[in-house]
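Student: Here it is, the structure, as C-alpha cells.
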Amino acid sequence: PLPEILGLEIVPTTPLICQEVAFSPETILGEPPFTYAWTLRAPNGQAAASSTSESWTWQTSAATPPGNYNLELEASNVHGSDFASRSFSLVAPPPLAFTGPGGAPTADPPLDGDVQFHLQEQGASQWVWDFGDGTIETYSDPGTGRAPLHRYLAPGTYHVRVTIRNCLEPTGITSPPLTVQIQVVSLEILEFQATGGAACNSSLCAVQTLVPTTFNQAFAGGPTGFLYDWNGDGQTDQISSTPISQFVFPAPGSYWPRLTVTRAGQSVFEDHPVVIIANGGTGTPPAAPTGLSLEDLAATSLRLVWVDRATNEDSYRLDQRQGSAWVELLFLEANRREVLVEGLTPETSYVFRVRAVNLLGEGASSPVQVTTPSGGGGGLELIFADGFETGFSPWSRATLFTDDFETGDTRRWSQSQGSLAEADPSP
C-alpha cells in the first residue's frame, strides 16, 4: 500500500530560540521500508534545514530568526509517496530570571542520601547545577534541568547553586544557595571492578599471575572497615580501614572476590561481577584452528572438523557469513575439534569458519564453503578452503565429490591427498 502520514510531531511544540527542536512522524501507514525527505522552511519560505532520517533534531541559535516555520515531510515506498506539513512558531526567549521564592532552588526532604531538587526560572536552555559536594552537572533537557535528582554519599551540610544560561545570554546568572542537610546515608558499595592488569568482558576477567590487578571501588555511607575475600572461599584475606586498591593473584586458577564494608555495626558485601582467571602469564590470543573441512554432509545438516592448535582458548565459536558480515551461530567449549550443524536448507550455499577465543583475542580458521544437496540427494558440490595460506598441509579431511545416484549411476568419485580416484561401476 501507499504510505499514509498520519501526523508530524514537534517537541517542544512552541520552541524558543536557543533550544533544540525534535521532529518525527507520528505514524506512517503502508508497506515499509520508507524513505524520508524532510524540509524545514523559514519564515521567508527558504529551506532552513533538511534531513533524510526518520527522526531528526534542529539546533537553533542566536542567529536563527523568530517567526512562523513550516515543516514538510515526503515519505515514499515502492508503491508511491505521501506528503504532510505542519507549521509552528519559533519565539525569542524571555530574559533570564529565577521566578521562585527568593530565587534559590528548592528540594524535597532527603531520602537516604537522595535529594530531588526543583527550580523555577524563565528563558534558560542550559542548567548547570553545583550540588556542593564537588559534583557539577550540566543539563540541556528542561525536564532534568529544572528537577535533577542527586545522591549524596556522606552525611553533611551542602550548599547548592544553579546557573542558567542561553545562547543570547551565554554568561548566564547564578541562583542564591540552597542549604541541604544530609543526616543519614545508607551503607552501600557503588563499584567493585577489576581494571588495571585485567582484560575483562561482561562475564569474566583474564589476569596474569604475579601482576598487580587494580580494583576500582566507590562507596556511599562512609564505611570505616574493608574486608576482602579474594578467592571467594568465605575466609577474609585482608582487613583495612581504607580501601585496598590492588591485589596480586598468586597462582593460575579461578577467583571470585568478595568485598565487605562495615560501619558502626552495619555491613554490606558485594561479589565481584566477573570471574577472575589467572592465566599463568601467557598473555596471548589463541592460535587459529587449521584444516577446517566437512564430513557427513546431508540436505539439512553437516559436520565440521578442524585441528585444534590452541592451548589457551576459553572457547570455540562457529560463525556463518551472511553477506559481508560474520554472524556467530554456536558457542563451543574449549578443546573442541568438531561440531554438528543442523537446521540447514537443501540446495543452499553456506560459508562457515571456526574461531578459538580467549579474553586477549582470537584466532579464526580459513572459511569453508558448502552447497547442501537436495532432499533426494545427488548433484552435490563441496568447495573448501585448504588453509595453505596458514602453512597447514596437506588437505586434511577435506573431500570433493559428485554423485549421480538419483540417475542410477553408482560411480563414486572421491578426493584423497590430492589424487582423484574413480570407483568402478557396480556389476
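Offset between the sequence shown (1-based) and our numbering: plus 441. Don't be surprised by glycine CBs; every beta carbon is placed ideally from N, CA and C.
1) Apply the 10 Å Cβ neighbour rule to T752 and answer buried if 16 or more other Cβ atoms are within range, or exposed otherwise.
2) Kindly give me the distance between the Cβ atoms of E783 and S815, rounded to whole angstroms, as I take these residues to be in contact under 8 angstroms.
3) Please report how far the alpha carbon of T557 lies from the alpha carbon of R750, in whole angstroms.
4) Mind checking who H713 pairs with in its DSSP beta bridge?
5) Helix or strand or just coil, what does DSSP make of T703?
6) Would you identify the three-state DSSP class for P542, choosing helix, strand or coil?
7) Could you check if A595 is buried or exposed, using at least 16 other CB atoms within 10 Å of its CB as the buried criterion?
8) Report the CB separation of Y669 from Q676 in whole angstroms; it is logged as a contact under 8 angstroms.
9) Using the rule of at least 16 other Cβ atoms within 10 Å of the residue's Cβ for burial, across every protein chain shown, is V452 buried or exposed?
10) Rounded to whole angstroms, what is the Cα-Cα separation between T701 and P507?
11) When we look at the beta-carbon of I577 and count the other beta-carbons within 10 Å, is it buried (16 or more) or exposed?
12) Return the first residue and the last residue of the beta strand (DSSP E) that G508 is part of.
13) Is L537 near A525, with beta carbons less than 7 angstroms apart?
14) Which class does D845 belong to by DSSP, given the choice of helix, strand or coil?
15) How far does the beta strand (DSSP E) with R587 in it extend, from its first residue to its last?
16) I want to see whether chain B comes within less than 7 angstroms of G673, judged by CB atoms only; does it?
17) Nearest CA to the CA of S807: which residue from V569, L771 and R762?
18) Where does A692 fall in DSSP's three states?
19) Taking the beta strand (DSSP E) that T683 belongs to, which residues open and close that run?
20) Look at the Cβ atom of A565, then the Cβ atom of I605, and state whether they are nearer than 7 angstroms.
21) Using the DSSP secondary-structure output, state which residues sit across from S616 in a beta bridge.
22) So, does the region 680-699 touch the region 650-669, judging by three or more C-beta pairs under 8 angstroms?
23) Would you identify the three-state DSSP class for C646, choosing helix, strand or coil?
24) Considering only C-alpha positions, which residue in the set D574, N672, L470 and Q487 is nearest to H713?
Tutor: Short version:
1) exposed
2) Between E783 and S815 a beta carbon distance of about 17 angstroms is seen, past the 8 angstroms cut, so the two are scored as non-contacting.
3) Per the sequence shown, the amino acid found at residue 557 is Gln instead of Thr. Whole-angstrom Cα-Cα distance: 58 angstroms.
4) In the DSSP output, where bridge partners are listed per residue, H713 has none listed.
5) strand
6) helix
7) exposed
8) Contact flag wrong, Cβ pair sits at about 11 angstroms.
9) exposed
10) 59 angstroms
11) exposed
12) Boundaries of the beta strand (DSSP E) around G508: G508 to N518.
13) no
14) At D845 the pLDDT is 47, less than 50, meaning the model places this residue with poor confidence; the figure from the coordinates comes in the next sentence. Coil, per DSSP.
15) From DSSP, R587 is part of no beta strand (DSSP E) but of the alpha helix (DSSP H) over P583 to R587.
16) Of the protein chains in this structure there is only one, and it is not chain B.
17) R762
18) coil
19) First-last for T683: undefined, no H or E at that position.
20) yes
21) Paired residue(s): none; S616 is not in a bridge.
22) They touch, by the three-pair rule.
23) strand
24) N672
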